[in-house]
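Colleague: Before I ask anything, here is the structure I am working with.
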Amino acid sequence: MSEYNEDVELYIPHPYGVKPKGNFYFDSFNKDFFDSRKLGLGLFSVFEDNFIIDSILDLLSAEELTKTINLVSKAFYIYVQEEEQWKMKAINKFSDGEFKYHHSWQYTYKSNCDKSFSTEPTPIQVKYFYSDYLFHIHRCATVDLEQFEHGDSIDRRTNLTLEEFTRDYLIPNKPVIISDACKNWAAKNWTRETLAERCGDVKLYINAGVFMNVKDFFYYSEQCKEEMPMYLFDHYYGEKIPSLLDDYSADAYFKEDLFNVLGDKRPSFRWLLAGPSRSGASFHKDPNHTSAWNAVITGRKKWVMYPPHVVPPGVYPSDDGLEITAPSSIIEWFINFYEKPDSIEKDSLEEQQKENDKKNTRFKLKDKKVNIKHQQQQQQQKQQQQQSNDDDETGEVETYETVKPLEGILNAGEMIFVPSGWYHSVLNLEESIAITHNFIDSNNLLKVVDFMATKKKKDLYNEFTNKIEQAYPGKLESLKKAEKEKQEEIKRIEEEKLKNKKKSIWETATNDSNNVPTSKSFSFSFGDLSDNDD
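Right under this line is the structure:
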């Protein structure tokens, strides 16, 4: 990772004059200083900013916000301008996608409710207003992404044969970027304009819970300036616009897909992706322990990956690893954890978790509440402690403090192999279009089956294992036998290493080959140490 110096980062001024709280002390020496937040909020100043926005202003209508609260004071004026609340109002009102984004979410809401509305707001600068919460949202929406473009530790290959890919990456479960994987695809000629034309008026799913046609989505993508942009993430594009499937094929490396035995009953496995800079995917593992490939058609994507046993900093997984609590936005993780994860203190993680809790509900739809963060944190700490105990004999404890992530930039025309179980986060450095598929092959089949067996509902497990046995009789048993033999061989080799471990000079000087003290050895005795002495 780069040694970017946060201390010299140049911040873009907040459009309404909001400053971090650290400026309060120095500004307080100015002759004209006054606490605009305290004076403007009155009794409400005792509440935290997130509570005022999410628990008080959220109860009010758009008309009440703009015609009443907006006029109470400059402090309340600032809270009314906060964009995320207007984004949620717009999404809730226009979830069918019957709206067009303009300028900002507040303007979008008002102009789509009233077609005659055409007044673009001019920000009012409020002097001496301090809020870490509001300024951090602004910082995440405006921070220069160039500082995250360094690092290229994921293998990058060209002219990779299937045999080489299988031997070097598929079997070892190791990521790789294949630079020329898409060279023969018709999809490489997709652009925002051609894709909008191909999709027409068909509405695709956006991760914020709305459906939009591609043309309107790219119109939004071109204009938006926010911490968590909307992201086109549709898994039915193949059924909605079948001709898109004819424009690409990954059979050169990923022809085997055992999930095909389920036919129409297979879980979602392919997605059309598109979004502006700052959009993408926060840390997660792919569902059901499947592997995946991701190909970029236009734009660039920053990838950060941790192996399955290393939980990324600031991330708290559930027992199965599929429910994850993390910073509320992708860019927030990069700002807080990307540069120097090995220097992050426990107190810093706990403080960051508190800040995440403040923002979590406003960046998630209300029909999906996640309230198990602290349980997950405790579980992670328990797992890390167990890992520490298991590794004490070898002295090798692998956490994010000792294992550097693999990282790299996936450019247009390139494809990345995402191995089963790997944590990965993806940040769009610029507007991007991409395709991704999840799959099961012979190398990750047992992992998938074992994972399915842990779920309370066994419908998918029973259906899948029965279909596999019908299509490939004896395959599961054969793989289980081979895996058992492999683990026994690994155990034998480890035992052999311990047996042949070179003795230290002390051991050589004090013990004979039967581990009996020699005539030259000596010992200390502290008497009989029985259990009763504990």
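Using this note's numbering, read the sequence shown as starting at 918 and increasing by one per residue. From the three backbone atoms N, C-alpha and C, an ideal C-beta is built for every residue, glycine too. Since this is a predicted model, take the numbers as computed values, not measurements.
So phenylalanine 1046 and arginine 954 are in contact, right, with Cβ under 8 angstroms, and what is the actual spacing, rounded?
Modeller: Residue 1046 sits at position 129 when you count from the first residue of the sequence shown. Residue 954 sits at position 37 when you count from the first residue of the sequence shown. About 5 angstroms; that satisfies the 8 angstroms criterion.
Colleague: Rounded to whole angstroms, what is the Cα-Cα separation between phenylalanine 1135 and glutamate 1394?
Modeller: On the sequence shown, position 218 is the one that residue 1135 refers to. On the sequence shown, position 477 is the one that residue 1394 refers to. The straight-line gap from Cα to Cα measures roughly 49 angstroms.
Colleague: Could you say which of Pro1040, Met1005, Lys1044 and Thr1039 lies nearest to tyrosine 1026 if we only look at CA atoms?
Modeller: In the sequence shown, residue 1026 corresponds to position 109, counting from 1. Cα-wise, what sits closest to tyrosine 1026 is Met1005.
Colleague: Note the first and the last residue of the continuous beta strand (DSSP E) segment covering tyrosine 1122.
Modeller: Residue numbering aside, residue 1122 sits at position 205 when the sequence shown is read from its first letter. Unbroken beta strand (DSSP E) run through tyrosine 1122: 1120-1123.
Colleague: Could you give the residue range of the beta strand (DSSP E) that holds threonine 1319?
Modeller: In the sequence shown, the residue the question calls residue 1319 occupies position 402. Threonine 1319 -> no beta strand (DSSP E), and no H or E assigned at all.
Colleague: Taking C-alpha atoms, which residue in Ala1399, Pro1224, Lys1182 and Lys1218 lies nearest to valine 1320?
Modeller: Counted from its first residue, the sequence shown places residue 1320 at position 403. When each option's Cα is compared against that of valine 1320, the closest is Pro1224.
Colleague: Compute the Euclidean distance between the alpha carbons of histidine 1067 and glutamate 1256, then round it to the nearest angstrom.
Modeller: As a working note, residue 1067 is residue 150 in the sequence shown. As a working note, residue 1256 is residue 339 in the sequence shown. Using only the alpha carbons, I get a separation of about 10 angstroms.
Colleague: In angstroms with no decimal places, state the Cα-to-Cα distance between leucine 1121 and aspartate 1181.
Modeller: Here residue 1121 refers to the residue found at position 204 when the sequence shown is read from its first residue. Here residue 1181 refers to the residue found at position 264 when the sequence shown is read from its first residue. About 20 angstroms.
Colleague: In angstroms with no decimal places, state the Cα-to-Cα distance between isoleucine 1357 and threonine 1075.
Modeller: For the purposes of this step, residue 1357 is taken as residue 440 along the sequence shown, with counting starting at 1. For the purposes of this step, residue 1075 is taken as residue 158 along the sequence shown, with counting starting at 1. Taking the straight line joining both Cα atoms gives about 24 angstroms.
Colleague: Can you tell me whether aspartate 1151 is buried or exposed? The criterion is at least 16 other CB atoms within 10 Å of its CB, across all chains shown.
Modeller: Reading the sequence shown from its first residue, position 234 is the one you call residue 1151. Counting Cβ neighbours within 10 Å, aspartate 1151 comes out buried, since at least 16 surround it.
Colleague: DSSP has methionine 1129 in a bridge; who is on the other side?
Modeller: For the purposes of this step, residue 1129 is identified with residue 212 of the sequence shown, where counting begins at 1. In the DSSP output, where bridge partners are listed per residue, methionine 1129 has Leu1121.
Colleague: Relative to the alpha-carbon of proline 1322, which residue among Lys991, Ile969, Ala992 and Lys1091 has its alpha-carbon at the smallest distance?
Modeller: Along the sequence shown, read from residue 1 onward, the residue named residue 1322 stands at position 405. Residue Lys1091 is the option with its Cα nearest to proline 1322.
Colleague: Roughly how many angstroms separate the alpha carbons of leucine 1363 and threonine 1353, rounded to a whole number?
Modeller: Translated into positions along the sequence shown, residue 1363 becomes position 446. Translated into positions along the sequence shown, residue 1353 becomes position 436. Each residue's alpha carbon lies about 22 angstroms from the other.
Colleague: Compute the distance between the beta-carbons of valine 1343 and tryptophan 1188, then report whether it is under 8 angstroms.
Modeller: Locating residue 1343 in the sequence shown gives position 426, where the first residue counts as 1. Locating residue 1188 in the sequence shown gives position 271, where the first residue counts as 1. Against a cut-off of 8 angstroms, the Cβ pair of tryptophan 1188 and valine 1343 comes out as no contact.
Colleague: Can you have a look at phenylalanine 1034 and say buried or exposed, based on whether 16 or more other CB atoms are within 10 angstroms of its CB?
Modeller: Against the sequence shown, residue 1034 aligns to sequence position 117. Phenylalanine 1034 should be labelled exposed.
Colleague: Use the C-beta contact count for aspartate 1284: other C-beta atoms within 10 angstroms, 16 or more gives buried, fewer gives exposed.
Modeller: Working through the sequence shown from its first residue, we reach residue 1284 at position 367. Only weak support is given to the placement of aspartate 1284: the predicted model assigns it a pLDDT of 37, under 50, and the value that follows is read from those uncertain coordinates. Exposed.
Colleague: Could you have a look at glycine 1155 and say whether DSSP puts it in helix, strand or coil?
Modeller: Here residue 1155 is taken as the residue at index 238 of the sequence shown, counted from 1. Helix.
Colleague: Counting only the same chain and skipping the five closest in sequence on each side, list residues whose C-beta sits under 6 angstroms from that of asparagine 1029.
Modeller: Counting from one through the sequence shown, the residue named residue 1029 turns up at place 112. So the list reads Phe1016, once near-sequence residues are dropped.
Colleague: Which first and last residues belong to the alpha helix (DSSP H) in which alanine 1243 is found?
Modeller: Within the sequence shown, the letter at position 326 stands for residue 1243. Neither: alanine 1243 is in no alpha helix (DSSP H) and is coded neither H nor E.
Colleague: I think histidine 1341 touches phenylalanine 1251, with their Cβ atoms under 8 angstroms apart; what is that distance to the nearest whole Å?
Modeller: Stepping through the sequence shown from its first residue, residue 1341 is reached at position 424. Stepping through the sequence shown from its first residue, residue 1251 is reached at position 334. About 14 angstroms separates the two Cβ atoms, so there is no contact after all.
Colleague: Given this structure, state the Cα-to-Cα distance separating serine 1246 from alanine 1125, to the nearest angstrom.
Modeller: As a working mapping, residue 1246 is identified with position 329 in the sequence shown. As a working mapping, residue 1125 is identified with position 208 in the sequence shown. Cα-Cα distance, rounded: 13 angstroms.
Colleague: For a quick check, are the C-beta atoms of leucine 1179 and phenylalanine 968 less than 8 angstroms apart?
Modeller: Counted from its first residue, the sequence shown places residue 1179 at position 262. Counted from its first residue, the sequence shown places residue 968 at position 51. No, Cβ-Cβ distance for leucine 1179 and phenylalanine 968 is not below 8 angstroms.
Colleague: Apart from the five residues on each side of it in sequence, which residues of its chain come closer than 6 angstroms, Cβ to Cβ, to histidine 1055?
Modeller: Position 138 of the sequence shown, counted from the start, is the residue given in the question as residue 1055. Correct list, in chain order: His931.
Colleague: Buried or exposed: where does aspartate 966 fall if 16 or more other Cβ atoms within 10 Å of its Cβ makes it buried?
Modeller: Counted from its first residue, the sequence shown places residue 966 at position 49. It is buried - the Cβ of aspartate 966 has at least 16 other Cβ atoms within 10 Å.
Colleague: Buried or exposed: where does asparagine 1288 fall if 16 or more other Cβ atoms within 10 Å of its Cβ makes it buried?
Modeller: Residue 1288 sits at position 371 when you count from the first residue of the sequence shown. Its pLDDT being 39, under 50, asparagine 1288 is placed unreliably in this model, and the value from its coordinates should be taken loosely. Flag for asparagine 1288 reads exposed.
Colleague: Rank Cys1057, His1020, Asn947 and Gly934 by C-alpha distance to the C-alpha of tyrosine 996 and give the top, closest one.
Modeller: Counting from one through the sequence shown, the residue named residue 996 turns up at place 79. The option with the nearest alpha carbon to tyrosine 996 is Gly934.
Colleague: Short of 6 angstroms in beta carbon distance, which residues of its chain neighbour serine 1070, apart from the five on each side in sequence? Order them along the chain.
Modeller: Residue numbering aside, residue 1070 sits at position 153 when the sequence shown is read from its first letter. Same-chain partners within the cutoff: Leu1323 and Glu1324.
Colleague: Apart from the five residues on each side of it in sequence, which residues of its chain come closer than 7 angstroms, Cβ to Cβ, to aspartate 1309?
Modeller: In the sequence shown, residue 1309 corresponds to position 392, counting from 1. Bear in mind that a pLDDT of 44 at aspartate 1309, under 50, signals an unreliable position, so the model cannot answer this.
Colleague: Could you tell me whether the segment 976-996 touches the segment 1096-1114, where touching means 3 or more Cβ pairs closer than 8 angstroms?
Modeller: No, the segment 976-996 does not touch the segment 1096-1114.
Colleague: Taking the C-alpha atoms as reference points, what is the distance between proline 1336 and leucine 1087?
Modeller: The residue given as residue 1336 occupies position 419 in the sequence shown. The residue given as residue 1087 occupies position 170 in the sequence shown. Looking at the two C-alpha atoms, the distance is approximately 7 angstroms.
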